[in-house]
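What follows is a short report on a single structure.
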Amino acid sequence: MKENLNSGIKNLEDFLKSCKSSSVKFQVEMVGITACLRAWKEHCRGEGETTKDLSIAVQMMKRIYSVMEKYPELLQEADRQLIARCLRYLGFEELASTLHPAQVTENDMKEKKKNKYSVGIGPARFQLQYMGQYLVRDERKDPDPRVQDFIPDTWQRELLDVVDKNESAVIVAPTSSGKTYASYYCMEEVLRDGDDGVVVYVAPTKALVNQVAATVENRFSKNLPNGVSLCGVFTRDYRHEALNSQVLITVPACFELLLLAPHRQAWVKRIRYVIFDEVHCLGGEIGAEVWEHLLVMIRCPFLALSATISNPEHLTEWLRSIKQYWKQTDSMIEKNTASSRNAGCRASSHQDYLLRKQSYKVRLVLYAERYNDLEKHICSVNNHDISFDHFHPCAALTMDHIEKFGFPSDLTLSPREMIQLYDTMFEFWEGWPRAQELCPEEFVHFKNKIVIRKVDARKYEESLKAELTGWVKSGHVQEARMVLRNLRPPPVVSSENMALMFPRLVEKLRQMEKLPALFFLFNLGAVERNARSVKRFLEIKQQSRRPLKADKEAYDMESKLRKVRKSLETQKTIDKRSQKNPRKMDQSLIHEAEHANLLKLLEKNLEIPEDCTYADQKAIDAETLQRVFDRVKFSRKGAELKALAARGIGYHHSSLSAKEKQLVEILFRQGFIRVVTATGTLALGINMPCKSVVFAQNSVYLDALNYRQMSGRAGRRGQDLGGDVYFFGIPLPKIEKLIKSNVPELRGQFPLSISLILRLMLLASKADDPEDAKAKVLSVLKHSLISFKQPRALEVLKLYFLFSVQFLVKEGYLDQEGNPTGFAGLVSHLHYHEPSNLVFVSFLVRGLFHNLCQPTRKGSKHFSQDVMEKLVLVLANLFGRKYLPAKFQDATLKFYQSKVFLEDLPEDFKAALDEYNTNVTKDFASFLLIVSKLADMKQEHQLPLSKIDFSGQECEDSQLVSHLMSCREGRIAISPFACLSGNSDGSLLHLETSDHVTLRTIGIDSTRAPVLWPQEFDHQGRKMQLNAYALDFYKHGSLTGLVQDNRINEGAAYQLLKDFSLTIKSISVSLRELCGNEEDNVVLAFEQLSETFNEKFKNI
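Residues 976 to 2075 (the numbering used here) are what the sequence shown spells out, left to right.
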């Protein structure tokens, strides 16, 4: 420590981590304090006379923090005297006096010396300004016997208590705070309890499913009976031991399949706990209703985890109402089965015990404090250089926002940002009455404290926020406006192409020691392009420093290596044929030595210099790295990902295979890869904490929710002192909106669909346990989040249910008693694709597929290429609907392999679709007329944004308004404002435009009608063509062709084809099960198509 303080401190901290003795640790800390004091004095006598290096003072205070907080009982008088001496040298006389009052005779520090050694600011300001990341957190020191690896916080212990008592809980805590630990504790308890119980872990993405499954496999081990596995996985395209495992990791749609399966009830009754990770997906636009169905159908306790729920109380209240329903239902079922149990029927006693053992209580566990503070920075580019401006969170606010909403609940300040806010407030109001009271040195929770705690800083932050809010509300608006304006960073300057500057941004972050970092973009192509551009930047950098002859030398060595290898192989062949000759053996040894030497020289020649790679070679050994690389040896993107990883770079998006994503995840967590470009899928629960997060592309998908999910990755607990968030190429107004906007409240989405109701009817009529099935169906229908405490919404849902049942009866999927008939099973099997599944079956019933699927000759089971292509054309119009932008039709583009624009349906199919749409539209228009009676007409007479009301007395007094509003006479389901344009109830028959004219408060739009429009138009009224990717691929079998001509990213194209192939296979299998005739042409045609398409897909 005398020679180099920084390396000495590092060694000291490494020793403290490994040491177990508190007394030894205390002595080492005191040695550290002495060394820091010596270094500070030497520094101040030397170069510190002009500019002081406060990092030495920070290290000294950090060591004092440690001693005062961890070992107060070991402090002796001499130790206190030393610490007081250190504080005096830093200029903190008052603090020193609280610890050890100075003696006049001992005071060897005159005024001149004080100025020489002092840091020049007060102790509170010094700690907030320079030591914010070291402020002491309130952490418990008493171990919990249930947790071996760490000492859990109070809120984490509450979660463990929840599991111990078989209760349910909604858990809202920041990313990386440790909330997931309760999930693994829950699994451990169920595994320990026996071999029958099951835990289901529901994750929003396949990437998270794979990561959790790997963690479970590594974390737990258990001897299980034959046929039972510890961990199972169930996703749409991969299924492993789904029903034979004790821990099932799955996605919402697949878990819903199991809960709605009539013959899986026995398995469902074995479920002891369900864990919902990222439960805020309940508020999403796509798939949200599936999360809702799961929460209302499960009878067992659950844990619902999230970092971003703005109204957890409302969610918890809804879930409690559901649990009360199940409590009453279970009680009723228990009474109904009591007689059979008394009679000696104990077959289901264990399942009954599992139900009886649970609690129906739902707790809400909230924890808002991030361990690490996040600071935001804006990147600007000028003169081919990148600079960063700190963005103070308060700069995002306006007077209007503070007056109406106050400070956003999750807008937090780092300690240095608190100081910055106070200084700015002090600067712009000279006569500020509370300036002295809120001065850091005088603040009640800081005064005379040697160790300022994080909780003290939070109180200071709240006081400053309350004061600034008071300024706005008490008339000091001008001063408050000047404060906010002064906190704003300078305008972003970007004179360069931001995409081209991306590699320089990464390089700058490396120089600032801000790696590892995640770079979020919202376009698959951009994710891959930016990763490649960083690799190219490093390669050019390496090449520019490479000696001119190096490439020729490498080429020569490779040639020699080939010759030596050939000689070795020849020698081995000769040795096998003849007896071993000593001379020949010597020759062989010489060749081997030469080979090893050449290989070593070549590796040295091709070695990547340390500053031309972001990889940390020390993070992982060569053998493990090779094992990870070998897993993607034959994958589509494997070669590119390995080449990028060699430079410490990776990319991650939903279109990569599981093994490809795992390569990036594993190497990033290990610290080998330190730069990853990714889409938003990485933000959903994937364990990839980093030092910095960069938003490198603006997008409509970058909203308040995604911003919080993604930025929460920054700042690794136990590794980083803080986290940094950078905005690169994001407009300043967008940044301000992201920071001040609240996460949308969870209010639920429309929960019903025609296919869902058919699936519920299938469950109710065919279930092994009718009573249990009926209870589940009623729970789904009665407990939607959107209708919770909203009786009007509940009535709308009831009417929609009746409309759906009427439709299903009319189409022949239900009989008059509500029992499923005909092709009900096929429709439910294809429920992912509503309304295409309903249209497909209507084509099938009309005999259109039988007309199309004619074999090449009578008695043959083979169908011509022309028939197959027409079949793909029909299926692509139904299940492969991806639209091209309208501008594509106007552009003069040249296509090489693909036709690109999908043709319309064949005439007979088109006519059938038109007839189907017309019939459904009439029925849906009738439904809208009925449901419109439930509209809130007071709201309907208000303009949606300004809320100007046109229904009051003042409007009746206006002749113009009265005349305009009279246009609504004779109209039932049309908005009073839409009536002004001449719209009438007849407009409901044009569903493609009806959303613009219907009453908005009924909460029903045209997407609830099971119609499939053959044409779509963009916002400018231009027709959009369907992309013919599926048919084009079937014809040429080239993924490259789809990328080049159809303008689809390679990974996205691969996933689209995979989904299309799975759909064909689902239809083929379902038709075979339904059809009694083994020679049916339609069944044979779909089997041929499924086999052919799958073969082409496998050959990619």
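Every residue, glycine too, gets a C-beta built ideally from N, C-alpha and C.
Cutting at 6 Å between CB atoms, please list the residues of its own chain near residue i, excluding the five before and the five after it.
i: Thr1073; result: Asn1423
i: Ala1658; result: Gln1684, Met1685
From the DSSP output, read off the bridge partner residues of residue i.
i: Asp1364; result: Ile1353
i: Cys1206; result: Val1222
i: Met1999; result: Glu1991
i: Val1802; result: Looking at the DSSP assignment, Val1802 forms no beta bridge with any residue, so it has no partner.
i: Phe1670; result: Phe1495, Phe1702
Do residue i and residue j have their C-beta atoms closer together than 9 Å?
i: Phe1403; j: Glu1454; result: yes
i: Ala1799; j: Leu1731; result: no
i: Val1668; j: Ala1492; result: yes
i: Leu1490; j: Val1356; result: no
i: Glu1436; j: Thr1399; result: no
i: His1367; j: Leu1499; result: no
i: Ile1152; j: Ile1250; result: What sits at residue 1152 in the sequence shown is Ser, not Ile. It is not a contact, given that the beta carbons lie outside the stated cut-off.
i: Val1986; j: Thr1896; result: yes
i: Lys1434; j: His1451; result: no
i: Met1106; j: Asp1054; result: no
i: Phe1512; j: Thr1652; result: no
i: Thr1210; j: Val1191; result: no
i: Asp1168; j: Leu1199; result: no
i: Asn1852; j: Phe1876; result: no
i: Tyr1858; j: Gln1995; result: no
How long is the line joining the alpha carbons of residue i and residue j, rounded to whole angstroms?
i: Lys985; j: Val1033; result: 14 Å
i: Gly2012; j: Ile2023; result: 15 Å
i: His1804; j: Gly1797; result: 13 Å
i: Lys1757; j: Trp1293; result: 12 Å
i: Val1816; j: Thr1973; result: 30 Å
i: Glu1890; j: Lys2073; result: 38 Å
i: Asn1286; j: Val1254; result: 12 Å
i: Ala1748; j: Phe1902; result: 28 Å
i: Ile1039; j: Leu987; result: 14 Å
i: Asn1794; j: Val1675; result: 44 Å
i: Val2058; j: Ser1962; result: 41 Å
i: Cys994; j: Asn1193; result: 28 Å
i: Gly983; j: Lys992; result: 14 Å
i: Phe1670; j: Gln1518; result: 30 Å
i: Ile2039; j: Gly2016; result: 22 Å
i: Asp1117; j: Glu1133; result: 15 Å
i: Asp2034; j: Ser1759; result: 30 Å
i: Ala1148; j: Thr1155; result: 10 Å
i: Ser2065; j: Arg1832; result: 21 Å
i: Glu1720; j: Gly1258; result: 8 Å
i: Asn1892; j: Ile1977; result: 23 Å
i: Thr1867; j: Pro1919; result: 42 Å
i: Asp1113; j: Asn1472; result: 46 Å
For the beta strand (DSSP E) containing residue i, list its first residue and its last residue.
i: Ala1492; result: 1492-1495
i: Thr1652; result: 1650-1653
i: Gly1625; result: 1624-1627
i: His1215; result: 1213-1215
Starting from residue i, trace the alpha helix (DSSP H) both ways and give me its first and last residue.
i: Asp1699; result: Not the alpha helix (DSSP H): Asp1699 falls in the beta strand (DSSP E), residues 1698-1703.
i: Ser1158; result: 1156-1168
i: Ala1178; result: Unbroken run through Ala1178: none, as it is neither H nor E.
i: Arg1101; result: In the sequence on display, residue 1101 carries Phe and not Arg. Here the alpha helix (DSSP H) through Phe1101 covers 1098-1105.
i: Ser2045; result: 2025-2049
Near residue i, what residues of its chain come up, given a Cβ to Cβ distance below 7 Å and the 5 sequence neighbours on each side ignored?
i: Gly2051; result: none
i: Ala1432; result: Leu1103, Leu1110, Pro1390, Met1393
i: Glu1417; result: Gln1411
i: Lys1634; result: Arg1606, Val1607, Ser1610
i: Arg1507; result: none
With a threshold of 8 Å on Cβ separation, who are the neighbours of residue i within its own chain once the five nearest residues in sequence on each side are excluded?
i: Gln2030; result: Ser1629, Ser1630
i: Ala1887; result: Ser1817, Phe1818, Arg1821, Leu1823
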